[in-house]
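One structure is given here, and the rest of the page talks about it.
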Amino acid sequence: MKVHDRHKCYFFILPAFLLLISILGFPAIAAVLQSFNLVWVSEPSFTLSSYGRLLNDLEFLTSLLNTFIFVSTTVSFHLLIGLGVALLLNMEIKRRHFFRVIAILPWTVPDVIGGLIWKFIFDTLPGFVNAVLIRGGFLVEPIDWLGTPHLAFSCFIFAEIWRGYPFVMLILLAGLQAIPRQQYEAGAIDGASPFQNFLYITLPNLKYMFIIAMILDTIWECRLFGMVYSMTGGGPGYASQVLSLLTYKHYFQFFNTSYAASIAVILAIVMLIISIPYLRMTMRREI
Amino acid sequence: MFIKRASFWTFIYLALIVMGIFNLIPFYWMLTSSFKTEGEVFSYPATLFPQNPTLYAYSKIWFQEKFIKYFMNSLIVSVCTAAFSSFIGAFAAYGFSRFRFKGKTLLMTVFLSSQMIPGVLLVGPYFKMLSYVKLYNTLFGLILSQTTITLPFSIWMLKGYVDTVPVEIDQAAMVDGASRTRTFLTVVLPGILPGLVATIIFAFLLSWGDLLWALCLISAKAKQTLTLGITQLVGEFRTEWSTIMAATVIATMVPATLYLLLQNFLIKGFTESAVKG
């Protein structure tokens, strides 16, 4: 049948288009202009001074490095634990439904709330970790987990590993369940060991989902805000500061708006570059 | 096989139990602490189980604070976001699924990549825009932002569902004299109901967990959302952890219940859309 009402497509897409242009597109462009000092200042003039300042700002450079360490560590652990748990849940286990519910639970906690719970768990005096260590006789003096720079950053990473891996696990589990049984049957006929099965059947089949999970998770971790805000606030000092929190602080607490915009632009560029393979893979499937 | 079957399965279940403990410890600590008295929660070293379980923290949070207000605000924002985002998203999904037009690929790529823009880039200029139009500090301004943030995701997820509805069904309805819009509303929408519900729930959950936008767009106490209100409690109460934990239990209960009730449904919708995009 010929489509006679082709122009109607605009009617269907227009509301979404207008919203995205005005609420996402406009602020994004404004932020870029702002980072070059072109809007919302008394004397607009093109300058790269915000970006120049970034290079000499130790807090920014630390946050950049922290973001890199944080994202690469959490994503690696998410993939590792996520794959492990997905493999477990894909076996012929009893109470699979029960274990799957348990496995997803951390992801149901909003990230700010997760941050608060872990802040309390690592609290020096009334916290859970110190209580267990002291009652178990492993420790005499309490450890100031979130008050010591390196420990605070590690605790924050640990907390996000806990909260984020079920997301990766779900995607990988869907991938595992989509692998045709016949391939394993063929493997059995050829006398493959379980390890060989895993290496030559499971992993190659899972490659696509693995890459998707990795990219999506990287994007999510890059823009994580609530957890670091509520758990460490970037501290002590800026030991656990990441770019999203630094941007917020400069924009809404110190009112260095064009400087904040330049930090956010850097973060956005990094994220867009990371997401290119994902966009290409998705669009190729779509067309 | 070298490993005996029995020891192999013991290892599997042991691994599952370790996973369970790792996942549940924060929940255990949150729940038990919320039932402790204010005195006990300060004791050192902390008790691992409440000595005199009490609901005091819950009654305190529920009756003395602006907690109900926060809760209702979160509910209003999340429900409106979920409704708008799914409805507008369904229209766009139908448009993308059923029509061929110039620039469709480009437009879809732009929609999809808009998901990758970090919130901190947008929220500052958006805050200035809202101030100009006097919508700063309103739930409406917050809902508008949340709707747009969740929109690309909703469109993408719903398009997958619309694609599964055969075009012949549309054609049959239109041959019978129904208009496009009518066909969409009365034939296609009911056909993608499971997908629509999954999308609504996901948009709801994303909006429920938001902190950044509420933090930057709302300053009046009476307009704060639950997540924002709870983070402010930490400053106000110093270390009154039993109260704060009671609040986090309530804030977590809503999304956790939704997940547990609808999990099969949500996982299917979510993973399928993640696979596709």
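In the order they appear, the protein sequences are chains A and B. The first sequence begins at 7 in the numbering used here and counts up one residue at a time. The second sequence begins at 16 in the numbering used here and counts up one residue at a time. Virtual Cβ for every residue (Gly too), placed ideally from N, Cα, C.
Minimum length 4: unbroken alpha helix (DSSP H) runs contained in the region 36-97 of chain B: 53-56, 71-79
Can you say whether A/Ser-69 is buried or exposed, counting buried as having 16 or more other CB atoms within 10 angstroms of its CB? To locate residue 69 of chain A, count along the first sequence from 1; it is residue 63. When all chains shown are included, A/Ser-69 counts as buried.
Below 8 Å between beta carbons: does that hold for A/Phe-105 and B/Leu-39? Counted from its first residue, the first sequence places residue 105 of chain A at position 99. Counted from its first residue, the second sequence places residue 39 of chain B at position 24. Judged by their CB atoms, A/Phe-105 and B/Leu-39 are not nearer to each other than the 8 Å cut-off.
If you draw a straight line from the alpha carbon of B/Phe-217 to that of A/Ile-110, how long is it in whole angstroms? Within the second sequence, the letter at position 202 stands for residue 217 of chain B. Within the first sequence, the letter at position 104 stands for residue 110 of chain A. Using only the alpha carbons, I get a separation of about 15 Å.
What is the rounded straight-line gap between the Cα of B/Leu-273 and the Cα of B/Ser-49? Indexing the second sequence from 1 puts residue 273 of chain B at position 258. Indexing the second sequence from 1 puts residue 49 of chain B at position 34. The straight-line gap from Cα to Cα measures roughly 22 Å.
Out of B/Leu-275, B/Gly-244, B/Cys-231, B/Phe-280, which one is the CA nearest neighbour of A/Gln-259? Residue numbering aside, residue 259 of chain A sits at position 253 when the first sequence is read from its first letter. The residue with the shortest Cα to Cα distance from A/Gln-259 is B/Cys-231.
Report all residues from its chain with a CB closer than 6 Å to the CB of A/Tyr-57; omit the five preceding and five following residues, and keep chain order. As a position in the first sequence, residue 57 of chain A is number 51, starting the count at 1. Correct list, in chain order: Ser-268.
Compare the beta carbon distance of A/Asp-117 and A/Gly-241 with 8 Å and say whether it is the shorter of the two. Residue 117 of chain A sits at position 111 when you count from the first residue of the first sequence. Residue 241 of chain A sits at position 235 when you count from the first residue of the first sequence. The answer is no: Cβ separation not under 8 Å.
Excluding sequence positions up to five away, which residues of its chain have a Cβ less than 7 Å from the Cβ of A/Tyr-244? For this step, residue 244 of chain A is matched to residue 238 along the first sequence. Counting only Cβ-Cβ distances below 7 Å, and skipping sequence neighbours, we find Glu-65, Thr-68, Ser-69.
In chain B, which residues lie with their C-beta within 8 Å of the C-beta of A/Leu-94? Along the first sequence, one-based indexing puts residue 94 of chain A at 88. Per Cβ cutoff of 8 Å: Ile-27, Ala-30, Leu-31, Met-34.
Counting only C-beta atoms, is A/Asp-117 closer than 8 Å to chain B at any point? Against the first sequence, residue 117 of chain A aligns to sequence position 111. True, the Cβ-Cβ gap to chain B drops below 8 Å.
Would you kindly work out how many angstroms separate the C-alpha atoms of A/Ile-221 and B/Leu-276, rounded to a whole number? Against the first sequence, residue 221 of chain A aligns to sequence position 215. Against the second sequence, residue 276 of chain B aligns to sequence position 261. Looking at the two C-alpha atoms, the distance is approximately 29 Å.
Entirely enclosed alpha helix (DSSP H) segments - the region 215-292 of chain A, minimum 4 residues: 232-237, 249-254, 263-292
List the whole-angstrom C-beta distance separating A/Leu-273 from B/Pro-133, where the pair is believed to meet the contact cut-off of C-beta under 8 Å. Numbered from 1 along the first sequence, position 267 holds the residue referred to as residue 273 of chain A. Numbered from 1 along the second sequence, position 118 holds the residue referred to as residue 133 of chain B. Indeed, because the Cβ distance is near 5 Å, the residues count as touching under 8 Å.
7 Å Cβ cut-off: residues of chain A touching B/Ser-160: Here residue 160 of chain B corresponds to residue number 145 of the second sequence, with the count starting at 1. Per Cβ cutoff of 7 Å: Ile-29.
With distance defined between alpha-carbon atoms, name the residue in A/Thr-130, A/Glu-49, A/Phe-159 nearest to A/Leu-145. Counted from its first residue, the first sequence places residue 145 of chain A at position 139. Per the Cα distances, A/Thr-130.
Using a Cβ-Cβ cutoff of 8 Å, what residues of the region 236-265 of chain B are near chain A? List them in chain order. Thr-242, Ile-245, Thr-246, Val-249, Thr-254, Trp-256, Ile-259, Met-260, Thr-263
Any C-beta of chain B within less than 7 Å: which residues of the region 173-192 of chain A qualify? Leu-176, Ile-177, Ala-180
Enclosing alpha helix (DSSP H) for A/Asn-72 [first to last residue]: Position 66 of the first sequence, counting from 1, holds the residue named residue 72 of chain A. Going by DSSP, A/Asn-72 is part of the alpha helix (DSSP H) stretching over 64-95.
Short check: CB of B/Leu-241 to CB of B/Ser-89, under 8 Å? Start at 1 with the first residue of the second sequence, and residue 241 of chain B comes out as number 226. Start at 1 with the first residue of the second sequence, and residue 89 of chain B comes out as number 74. Taking 8 Å as the Cβ cut-off, B/Leu-241 and B/Ser-89 qualify as a contacting pair.
Which value, in whole angstroms, describes the spacing of the CA atoms of A/Ala-158 and A/Ser-250? Residue numbering aside, residue 158 of chain A sits at position 152 when the first sequence is read from its first letter. Residue numbering aside, residue 250 of chain A sits at position 244 when the first sequence is read from its first letter. Taking the straight line joining both Cα atoms gives about 18 Å.
What span of residues does the alpha helix (DSSP H) with B/Ala-213 cover, start to end? Translated into positions along the second sequence, residue 213 of chain B becomes position 198. Run containing B/Ala-213: 208-223, per the alpha helix (DSSP H) assignment.
8 Å contact criterion, which A/Trp-124 and A/Thr-263 should meet: CB distance rounded: Here residue 124 of chain A refers to the residue found at position 118 when the first sequence is read from its first residue. Here residue 263 of chain A refers to the residue found at position 257 when the first sequence is read from its first residue. Going by Cβ atoms, the distance from A/Trp-124 to A/Thr-263 rounds to 31 Å, so no, they are not a contact pair.
I need the DSSP call for A/His-103, collapsed to helix, strand or coil. The residue given as residue 103 of chain A occupies position 97 in the first sequence. Of the three classes helix, strand and coil, the one that applies to A/His-103 here is helix, per DSSP.
Where do the ends of the alpha helix (DSSP H) carrying A/Ile-149 lie? Numbered from 1 along the first sequence, position 143 holds the residue referred to as residue 149 of chain A. Where A/Ile-149 is concerned, there is no enclosing alpha helix (DSSP H), given that its DSSP letter is neither H nor E.
In chain order, what residues of the same chain have a beta carbon less than 7 Å from the beta carbon of A/His-84, not counting five sequence neighbours either side? Taking the first sequence and counting its residues from 1, the one referred to as residue 84 of chain A is at position 78. Result list for A/His-84: Ile-167, Gly-170, Tyr-171, Val-174, Asp-223, in chain order.
Looking only at C-alpha atoms, which of A/Ile-163, A/Leu-95, A/Ser-246, A/Arg-141 sits nearest to A/Leu-176? Along the first sequence, one-based indexing puts residue 176 of chain A at 170. Residue A/Leu-95 is the option with its Cα nearest to A/Leu-176.
Give the single residue among A/His-13, A/Ile-29, A/Phe-32, A/Ala-37 whose Cα lies nearest to the Cα of A/Ala-266. Sequence index remark: in the first sequence, residue 266 of chain A carries index 260 (1-based). Among A/His-13, A/Ile-29, A/Phe-32, A/Ala-37, the Cα nearest to that of A/Ala-266 is on A/Ala-37.
State the Cα-Cα distance for the pair A/Met-287 and A/Met-277, rounded to the nearest angstrom. Position 281 of the first sequence holds residue 287 of chain A. Position 271 of the first sequence holds residue 277 of chain A. Rounded to the nearest angstrom, the two C-alpha atoms are 16 Å apart.
Is the shortest distance between the beta-carbon of B/Gln-66 and the beta-carbons of chain A less than 8 Å? The residue you call residue 66 of chain B lines up with position 51 of the second sequence. Not one chain A Cβ lies under 8 Å of B/Gln-66.
B/Ala-21, buried or exposed, once every other Cβ within 10 Å from all chains shown has been counted against 16: To locate residue 21 of chain B, count along the second sequence from 1; it is residue 6. Answer is exposed; the Cβ neighbour count stays below 16.
Figure out for me which residue from B/Phe-114, B/Phe-99, B/Arg-113, B/Gly-35 has the closest Cα to the Cα of A/Val-91. Position 85 of the first sequence, counting from 1, holds the residue named residue 91 of chain A. Out of B/Phe-114, B/Phe-99, B/Arg-113, B/Gly-35, the CA that lies nearest to the CA of A/Val-91 is found in B/Gly-35.
Compare the C-alpha of B/Lys-75 against each of B/Ile-259, B/Met-268, B/Ile-282 and name the closest. Taking the first residue of the second sequence as 1, we reach residue 75 of chain B at position 60. Comparing Cα positions, the closest option is B/Ile-259.
Measure the CB-CB distance between A/Leu-122 and B/Val-249 and report whether it falls below 8 Å. Taking the first sequence and counting its residues from 1, the one referred to as residue 122 of chain A is at position 116. Taking the second sequence and counting its residues from 1, the one referred to as residue 249 of chain B is at position 234. It is a contact, given that the beta carbons lie within the stated cut-off.
Against chain A, which members of the region 71-104 of chain B pass a CB distance test of less than 8 Å? Ile-103, Gly-104
Within 8 Å of any Cβ in chain C, is that where the Cβ of B/Gly-54 sits? This model lacks chain C altogether, as its protein chains are A and B.
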